[in-house]
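Only one structure is covered here, and it is reproduced in the block below.
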Amino acid sequence: ETKPNSSQVTSAGIRELDRFAERLLLYPEAVIKIEGYIASKNNSKENIKLSERRADIVKNYLINKGIPEIQFIVEGMGNQNPRGSNDTWEGRKMNRRVEIYVIEQ
Numbered sequence: 002e003t004k005p006n007s008s009q010v011t012s013a014g015i016r017e018l019d020r021f022a023e024r025l026l027l028y029p030e031a032v033i034k035i036e037g038y039i040a041s042k043n044n045s046k047e048n049i050k051l052s053e054r055r056a057d058i059v060k061n062y063l064i065n066k067g068i069p070e071i072q073f074i075v076e077g078m079g080n081q082n083p084r085g086s087n088d089t090w091e092g093r094k095m096n097r098r099v100e101i102y103v104i105e106q
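Heads up, the sequence shown is in the working numbering, so the first residue is 2 and it goes up one at a time.
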């Protein structure tokens, strides 16, 4: 989970990333896709860049935990695939996110 209009990871997100990095170190052949999302109806260039920054922050955090950069595919998804309504605070909170997928092992 990220904070509104930022690319900062919450403290709960950091704990999840730490656990993920520990497990990922056991799989050096894994390919990881990181997708960043925004909570907005406006998919402007600025918002796409924000979604990319969110994904990059997560990638860089995992690199600092010892995961090689070559293992990552990073993409800013903008406002695609909303989890909630952008008309409510709770919905926007659900839409501000980074998703991580293991696509190969």
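Glycine residues also receive a C-beta, built at the ideal position from the N, C-alpha and C atoms.
Just so you know, these numbers come straight off a predicted model, no measurement behind them.
Within its own chain, the residues whose Cβ lies closer than 7 Å to the Cβ of V103, once the five positions on either side in sequence are excluded, are A31 and I33, listed in chain order.
For K42, DSSP records no beta bridge to any residue. Around the CB of I15, fewer than 16 other CB atoms lie within 10 Å, so the residue is classed as exposed. Taking each of N80, I49, V99 and L18 in turn and checking the Cα distance to A40, the smallest one comes out for N80. Secondary structure note for I101: it is in no alpha helix (DSSP H), and the uninterrupted beta strand (DSSP E) holding it is V99 to E105.
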